[in-house]
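J.: One gets the working numbering by counting positions in the sequence shown from 1 and adding 263 to each.
This is the structure I want to talk about, given as structure tokens.
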Amino acid sequence: MSTDGAKHASPWLPRLMGVLLLLMGLALVAGGVRLIQVNGSLYYILAGVGFALSGLLLLARRRLGLGLYGLVLLASTVWALSEVGLDWWQLVPRLSLWFALGVVLLLPWARRPLVGSAAGANTALLTVAVLASGACAVASQFTHPGEIAGELGRDSSEMASAAPNMPEGDWQAYGRTEYGDRYSPLRQITAQNVKHLEEAWRISTGDLPTGDDPIELTNENTPLKANGMLYACTPHSKVLALDPDTGKEIWRFDPQITSPNKSFKGFAHMTCRGVSYYDENRYVSRDGSPAPQISDAGKQVAQACPRRIYLPTADARLIALNADTGKVCEGFANQGAVDLTRGLGPFTPGGYYSTSPVSVTRDLVIIGGHVTDNESTNEPSGVIRAYDVHDGRLVWNWDSNKPEDTAPLADGQMYTRNSANMWSIASVDEGLGMVYLPLGNQTPDQWGADRTPGAEKYSAGLVALDLATGKVRWNYQFTHHDLWDMDVGSQPTLTHLKTDDGVKPAVIVPTKQGSLYVLDRRDGTPIVPIREIPVPQGAVKGDHTAPTQARSDLNLLGPELTEQAMWGATPFDQMLCRIQFRELRYEGQYTPPSEQGSLVYPGNVGVFNWGGVSVDPVRQLLFTSPNYMAFVSKMVPREQVDANSKRESETSGVQPNTGAPYAVTMHPFLSPFGLPCQAPAWGYVAAIDLFTHKVVWKHKNGTTRDSTPVPIGLPVGVPSMGGSMVTAGGVGFLSGTLDQYLRAYDVNNGKELWKGRLPAGGQATPMTYTGKDGKQYVLVTAGGHGSLGTKMGDYIIAYKLAD
């Protein structure tokens, strides 16, 4: 085009582009300077200078601005490829904005007003740069970084389920059995026909959030199927008995939970993960084995309530209900309820109660409890108590600070304060006579200088107790001197594994730190090797760190974070995330908490949390949904908290740790735009071959449909909060992702076979059962999760195959 033609073309578009590039370039320069100061990448300052200069040239209507922009875009493409290769979700924030602006600059309305020589060369350079970056984007669509494609290649093995027997169509415990394997022998629904699943019924429980509830109202309930009914509980500890074929309510029990201040806002959360079921007929001796010894009071309970539901409530009671009628079993304990506050001493409302269902054996009801994290150094005991399953009397208690003193606490005495607790679900092997406790920590989580010898030995690990006496049979600690809130949140899974030394009774313990610890459940000997690895040192003043930490050879740890792994929607928030990363202390997993602020990865939500794993004992396959989200912890000296307590608590969510020299702030590692600073994927679905201990397949799981203002389902792989289940039909189910779906997967290869849209967040573990009509149903609670921000609701939904 001639110079005369350029004089008559409107210059508004190149001027607008010039202003944009100048401003963007200056912003990159400013951030780039700070990034260099913290030893970060040189790219942003160099690119900022290049974009700013090209902007100035465009403002001056010089064609050289096109060529310079093309040169910077081409260099940016090379830089992006050198950092992340053909990873679509990492290329997007690095190149998409620059690519789009490059396309605009190639438009005639942007080129024609420009003057100067070498028009063809500048345009050609820009064209090549745009094509190169676009080609990278196209090529990255055919790669799947972080995923593993594979096929188990078997539908069965020589192994069989060793879990306690129950009717195939029932689901009588939280993990279906007290083994916690979440495996159903039902096979009516298969990988071939699951696509025909359709909603059979749904109900609303009527238990919705109120203005007096805490933010973290959670619907994490897995209903039971037993006694010809479904039994579900709600966040406010109400119990519903439902017809399994229709969802029709048979009976309802409301424990009328109370709080001293008439409000539940002070609670950390309101949760009921489940109730527990007991049937006297299950333990009738038919093989000559000794019948259980039952007191006279217990015999009366057995006669009046032969089938019972045990309900832990948010106001710290354990209530026994008649499973047939929903009436309180008055002969149990004190008019049907155990007062779980007995012997605990004072605590703030909601500071102690059991969020998880109790474990039930022939003779005992075993219960632990939630203790509020990081409130003070003087919290209730984490004691685990075993009550007589019939009359509710205390049989034994185990306190990690007095592990040998298991005799029932006498009236007027108190358990030791602030001992390690069990807020999750225990598992039981009645054949071996042991209960397996996944233990939490002595609070506070990030300050450990004052911890007791019992906490240092037992916390953040697995403890096996003798069922009859409560005495320790063995223990294995997974995190030494835990300063990262790596309590064991998952129910241990009991199964039999085939090894080179024969078949062994195993316990598999998923953990927040990503290791799956596989132990011989008879004595705690590792079946899969566990290595003590050196870890970063240097705790805050007055505290210390353990020199090593236990890491299982079987783990789903992601790669350590780097500056290159920082993410964002644009180059600008990615740059800010890089700055944050460099400003924080991070030396890999187990970087100690600091006043500077430390990056905790995996974060304290964990790779695995209370949802645990599912194990198909026949296929010898473990099915799970690992998460990958980093958190930031920062230690705040006590004098700063005391001087600015109001400001700190309102602006940064400081957790007080009263009694410790430091408070702490904890939050997800997010950009200023509220997006994760680490690159996706943040959530996967995966399977492990328990013969070889290798990951068979691992795929991104879930979309952004319900996490962004515009409901676009980008398949980035999102976190999940909730467990999975597997069936003999070769199908795994999971509903916990941040998008509102119940999904079905082929357990052999991980292919998503079906998904059903949920009306609210599905942060619960699904279950399956056989109805009175002979059909296999899949059931899920969809009620949302307050702190995760998923949509709240009060739904229980059942699906079955279309007729």
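Glycine residues also receive a C-beta, built at the ideal position from the N, C-alpha and C atoms.
Run through DSSP, which three-state label would Asn890 get?
T.: Indexing the sequence shown from 1 puts residue 890 at position 627. Note: Asn890 maps to strand in three-state DSSP.
J.: Quick check on the DSSP output: what are the complete beta strand (DSSP E) runs of length 3 or more inside the region 693-734, in order along the chain?
T.: Within the region 693-734, the complete beta strand (DSSP E) runs of at least 3 residues are 697-701 and 724-729.
J.: Let me check one thing: in DSSP terms, what residues is Gln941 bridge-paired to?
T.: The residue you call residue 941 lines up with position 678 of the sequence shown. DSSP, once it has assigned bridges, lists Met829 as partnering Gln941.
J.: Does the beta-carbon distance from Val735 to Leu725 come in below 8 Å?
T.: Here residue 735 is taken as the residue at index 472 of the sequence shown, counted from 1. Here residue 725 is taken as the residue at index 462 of the sequence shown, counted from 1. Taking 8 Å as the Cβ cut-off, Val735 and Leu725 do not qualify as a contacting pair.
J.: Please return the same chain residues whose Cβ sits closer than 7 Å to the Cβ of Val948, not counting the five positions on each side in sequence.
T.: Looking up residue 948 in the sequence shown gives position 685. Closer than 7 Å at Cβ, skipping near neighbours: Ser888, His962, Asn964, Leu997, Tyr1008 and Gly1013.
J.: Go through its chain and collect everything with a Cβ distance to Leu320's Cβ below 6 Å, but skip five positions before and after it.
T.: For this step, residue 320 is matched to residue 57 along the sequence shown. Around Leu320: Leu327 and Gly328.
J.: If Leu819 and Tyr864 are in contact, beta carbons under 8 Å, what's the gap, nearest whole angstrom?
T.: On the sequence shown, residue 819 is found 556 positions in, with the first residue counted as 1. On the sequence shown, residue 864 is found 601 positions in, with the first residue counted as 1. Their Cβ separation, rounded to whole angstroms, is 14 Å, which puts Leu819 and Tyr864 out of contact at 8 Å.
J.: Taking the C-alpha atoms as reference points, what is the distance between Trp747 and Gly946?
T.: The residue given as residue 747 occupies position 484 in the sequence shown. The residue given as residue 946 occupies position 683 in the sequence shown. Trp747 and Gly946: Cα-Cα distance of roughly 21 Å.
J.: Please go through the region 848-905 and give each complete beta strand (DSSP E) segment of 3 or more residues, from N-terminal end onward.
T.: Here the runs fully enclosed are 861-863, 877-879, 884-887 and 894-900.
J.: Can you name the start and end residues of the alpha helix (DSSP H) that Met838 belongs to?
T.: Counting from 1 along the sequence shown, the entry for residue 838 is found at position 575. From DSSP, the alpha helix (DSSP H) with Met838 extends over Pro834 to Glu846.
J.: So what's Glu911 in DSSP terms, helix, strand or just coil?
T.: To locate residue 911, count along the sequence shown from 1; it is residue 648. With a pLDDT of 41 at Glu911, under the threshold of 50, the predicted position of this residue should be treated as unreliable, and no value is reported.
J.: Runs of 3 residues minimum, wholly inside the region 544-613: which ones carry the beta strand (DSSP E) assignment?
T.: Listed in chain order, the complete beta strand (DSSP E) runs (minimum 3 residues) inside the region 544-613 are 570-575, 580-585 and 600-602.
J.: Near Asp470, which residues of its chain fall below 7 Å by C-beta distance, leaving aside the five closest residues on each side in sequence?
T.: For this step, residue 470 is matched to residue 207 along the sequence shown. So the list reads Thr497, Pro498, His499, Lys501 and Asp1057, once near-sequence residues are dropped.
J.: Please state whether the Cβ-Cβ distance between Pro486 and Met1030 is less than 8 Å.
T.: Locating residue 486 in the sequence shown gives position 223, where the first residue counts as 1. Locating residue 1030 in the sequence shown gives position 767, where the first residue counts as 1. For Pro486 and Met1030, yes; Cβs fall inside 8 Å.
J.: Taking DSSP as the reference, what is the three-state secondary structure of Cys496?
T.: Here the question's residue 496 lines up with position 233 in the sequence shown. Correct three-state label for Cys496: strand.
J.: Provide the residue span of the beta strand (DSSP E) that contains Ala649, from first to last.
T.: Walking along the sequence shown from the start, residue 649 turns up at place 386. Element bounds for Ala649: Ile647 to Asp651.
J.: Would you kindly check if the distance between the Cβ of Ile466 and the Cβ of Gly510 is under 8 Å?
T.: Counted from its first residue, the sequence shown places residue 510 at position 247. Counted from its first residue, the sequence shown places residue 466 at position 203. The answer is yes: Cβ separation under 8 Å.
J.: Mapping the DSSP letters down to three states, classify His459 as helix, strand or coil.
T.: Here residue 459 refers to the residue found at position 196 of the sequence shown. Helix at His459.
J.: Alpha carbon to alpha carbon, what distance is there between Val770 and Ala712?
T.: Within the sequence shown, the letter at position 449 stands for residue 712. Within the sequence shown, the letter at position 507 stands for residue 770. Distance between the alpha carbons of Ala712 and Val770 is about 31 Å.
J.: Between Val791 and Ala392, what straight-line distance do the alpha-carbon atoms span, to the nearest angstrom?
T.: One-based indexing of the sequence shown puts residue 791 at position 528. One-based indexing of the sequence shown puts residue 392 at position 129. Cα-Cα distance, rounded: 51 Å.
J.: Go ahead and label Phe835 buried or exposed: buried means 16 or more other beta carbons lie within 10 angstroms of its beta carbon, across all protein chains shown.
T.: Counting from one through the sequence shown, the residue named residue 835 turns up at place 572. Result: buried.
J.: Using only the alpha-carbon positions, how far apart do Leu581 and Lys590 sit?
T.: Within the sequence shown, residue 581 is the residue found at index 318, counting from 1. Within the sequence shown, residue 590 is the residue found at index 327, counting from 1. Taking the straight line from one Cα to the other gives about 14 Å.
J.: May I have the straight-line CA-CA distance separating Leu388 from Val366, to the nearest angstrom?
T.: Taking the sequence shown and counting its residues from 1, one reaches residue 388 at position 125. Taking the sequence shown and counting its residues from 1, one reaches residue 366 at position 103. Cα to Cα, Leu388 sits roughly 13 Å from Val366.
J.: Could you have a look at Gly946 and say whether DSSP puts it in helix, strand or coil?
T.: The residue given as residue 946 occupies position 683 in the sequence shown. The answer is strand: DSSP assigns Gly946 an E or B state.
J.: Here's the rule: buried if 16 or more other CB atoms are within 10 angstroms of the residue's CB, otherwise exposed. What is Asp745?
T.: Taking the sequence shown and counting its residues from 1, one reaches residue 745 at position 482. It is buried - the Cβ of Asp745 has at least 16 other Cβ atoms within 10 Å.
J.: For the pair the region 561-569 and the region 659-670, tell me if three or more CB-CB distances fall below 8 Å.
T.: No, because fewer than three Cβ pairs between the region 561-569 and the region 659-670 fall closer than 8 Å, the two stretches do not touch.
J.: Looking at Tyr446: is its Cβ nearer than 8 Å to the Cβ of Val878?
T.: Position 183 of the sequence shown, counted from the first residue, corresponds to residue 446. Position 615 of the sequence shown, counted from the first residue, corresponds to residue 878. In contact: Tyr446 and Val878 (Cβ atoms closer than 8 Å).
J.: Tell me, which residues are paired with Glu1015 by DSSP?
T.: For the purposes of this step, residue 1015 is identified with residue 752 of the sequence shown, where counting begins at 1. BP columns for Glu1015 point to Tyr1008.
J.: Is Gln743 buried or exposed, if buried means 16 or more other CB atoms sit within 10 Å of its CB?
T.: Start at 1 with the first residue of the sequence shown, and residue 743 comes out as number 480. For clarity, residue 743 is His in the given sequence; the question names Gln instead. Classification for His743: buried.
J.: Just to confirm the assignment: which complete beta strand (DSSP E) runs, minimum length 3, are found wholly within the region 782-831?
T.: Whole beta strand (DSSP E) segments, 3+ residues: 793-797 and 811-815.
J.: Any beta carbon from chain B within less than 8 Å of Lys511's own beta carbon?
T.: Absent from the structure is chain B; it holds one protein chain and no more.
J.: Can you list, in chain order, the residues of its chain with a C-beta nearer than 8 Å to that of Tyr1004? Leave out the 5 residues immediately preceding and following it.
T.: On the sequence shown, residue 1004 is found 741 positions in, with the first residue counted as 1. Within the same chain, Tyr1004 has close Cβ partners Gly965, Ser998, Lys1018, Gly1019, Arg1020, Leu1021 and Gly1025.
J.: Please report the residue range of the beta strand (DSSP E) in which Gln1039 lies.
T.: Locating residue 1039 in the sequence shown gives position 776, where the first residue counts as 1. Unbroken beta strand (DSSP E) run through Gln1039: Gln1039 to Ala1045.
J.: Please report the straight-line C-alpha distance between Leu1126 and Thr833, rounded to a whole angstrom.
T.: Not covered by the structure: residue 1126. The range shown for the chain is 264 to 1066.
J.: Going straight from the alpha carbon of Pro523 to that of Gly529, what length do you get?
T.: Translated into the one-based positions of the sequence shown, residue 523 becomes position 260. Translated into the one-based positions of the sequence shown, residue 529 becomes position 266. Using only the alpha carbons, I get a separation of about 10 Å.
J.: Roughly how many angstroms lie between the CA atoms of Pro982 and Met892, to the nearest whole one?
T.: Locating residue 982 in the sequence shown gives position 719, counting from the first residue. Locating residue 892 in the sequence shown gives position 629, counting from the first residue. Taking the straight line from one Cα to the other gives about 8 Å.
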